[in-house]
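Asks: To start, I am sharing the structure in question, which I have written as structure tokens.
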Amino acid sequence: MPVIAFANSKGGSGKTTTALLLACHLARSRRVTIIDGDPRQPITSWAGKEGHVPENLTVIGKITEDNVQQIIEDAAVKDPFVIVDLEGTASKLMAYAIGQSDFIVIPCKEQQQDAEAAVQVIRAMQRDFKMMGRSVPFAILFTMTKWIKARASKVIVEQFKTSTIPTFNAEITDRDAFSQIFLRGGTIYDLKGTSNNLEKAVENVEQFTIELIQKIKTEARDAA
Numbered sequence: 002m003p004v005i006a007f008a009n010s011k012g013g014s015g016k017t018t019t020a021l022l023l024a025c026h027l028a029r030s031r032r033v034t035i036i037d038g039d040p041r042q043p044i045t046s047w048a049g050k051e052g053h054v055p056e057n058l059t060v061i062g063k064i065t066e067d068n069v070q071q072i073i074e075d076a077a078v079k080d081p082f083v084i085v086d087l088e089g090t091a092s093k094l095m096a097y098a099i100g101q102s103d104f105i106v107i108p109c110k111e112q113q114q115d116a117e118a119a120v121q122v123i124r125a126m127q128r129d130f131k132m133m134g135r136s137v138p139f140a141i142l143f144t145m146t147k148w149i150k151a152r153a154s155k156v157i158v159e160q161f162k163t164s165t166i167p168t169f170n171a172e173i174t175d176r177d178a179f180s181q182i183f184l185r186g187g188t189i190y191d192l193k194g195t196s197n198n199l200e201k202a203v204e205n206v207e208q209f210t211i212e213l214i215q216k217i218k219t220e221a222r223d224a225a
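Going from the sequence shown to our numbering is simple: count from 1 and add 1.
Set out below in structure tokens:
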């Protein structure tokens, strides 16, 4: 079953938020483990709030270089989906987790500093791929996007789209609902009546999830 890692070296990229949105959406119908590899432990903190944690979702924190591989292996045997929220810097922990992954999502805001950080992450991953003797498929996911894009944002997106770097068509838009879950706990599906444009937020997550699963299936088919 797929292990999906989220990686970015720049804080505020939407990495943790997107990983949690995906996990909670998948957990509506499948068992999911989300592994909190961020030293700040934001997902572990979220799970400790008063809000509802989906019954199908297991949160594992306190990840180290010594235990990350075994934790991922055990979770992959138990649950159909394993999601790993990696720490923001290149490290042995990151390399070990990438080695266990089937797909890597690289969240990136439409800003120059974020784009440069995403490219640095890709270079670090490619070094890991050489050491592993195999590549892991990945794609850039634009996050915290605006409905009306600034000219600079359009340029950054176009540069990625016209390069050889894979990108998602789906984006994660900057929405109040996505921020609220870390304040309140629970999921976006618990916010009915408390957040504007909730239906659009749910649709946004669904579009990303569908495209991600399709990418994973395509990569698995091509590798067979």
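For every residue, glycine included, the Cβ atom is placed at its ideal position computed from N, Cα and C.
Between the region 174 to 188 and the region 198 to 217, do at least 3 Cβ pairs fall closer than 8 Å?
Replies: Touching, yes.
Asks: Under DSSP, the alpha helix (DSSP H) around glutamine 191 begins and ends at which residues?
Replies: Residue identity differs from the one stated: residue 191 is aspartate in this sequence, not glutamine. Counting along the chain, aspartate 191 falls outside any alpha helix (DSSP H), and DSSP gives it neither H nor E.
Asks: Count the other CB atoms, across all protein chains shown, that sit within 10 Å of the CB of leucine 27; report buried if there are 16 or more and exposed otherwise.
Replies: buried
Asks: Can you tell me which residues form a DSSP beta bridge with isoleucine 5?
Replies: According to DSSP, isoleucine 5 bridges with Ile84 and Phe104.
Asks: With a CB to CB cut of under 7 Å and the five nearest residues on each side skipped, what residues in its chain are close to serine 30?
Replies: none
Asks: Which residues mark the beginning and the end of the beta strand (DSSP E) in which valine 60 is found?
Replies: Run containing valine 60: 58 to 61, per the beta strand (DSSP E) assignment.
Asks: Is the beta carbon of alanine 151 closer than 7 Å to that of phenylalanine 169?
Replies: no
Asks: What does the alpha-carbon distance come out to for the pair isoleucine 217 and arginine 124?
Replies: 21 Å
Asks: Kindly indicate which residue of Arg41, Asp86 and Glu51 has the alpha-carbon position closest to the one of threonine 34.
Replies: Asp86
Asks: Near serine 102, which residues of its chain fall below 6 Å by C-beta distance, leaving aside the five closest residues on each side in sequence?
Replies: Val4, Ala6 and Val137
Asks: Three-state secondary structure (DSSP) at aspartate 223?
Replies: helix
Asks: Threshold first: 3 residues or longer. Then list the beta strand (DSSP E) segments lying entirely within the region 115 to 165, N to C.
Replies: 139 to 146
Asks: Mind checking which residues open and close the alpha helix (DSSP H) that includes aspartate 177?
Replies: From DSSP, the alpha helix (DSSP H) with aspartate 177 extends over 177 to 185.
Asks: Using the three-state DSSP reduction, which class does threonine 65 fall into: helix, strand or coil?
Replies: coil
Asks: Measuring CB atoms only, is the region 106 to 115 touching the region 153 to 169, in the sense that at least three cross pairs come out at less than 8 Å?
Replies: yes
Asks: Kindly give me the distance between the Cβ atoms of valine 60 and threonine 45, rounded to whole angstroms, as I take these residues to be in contact under 8 Å.
Replies: 6 Å
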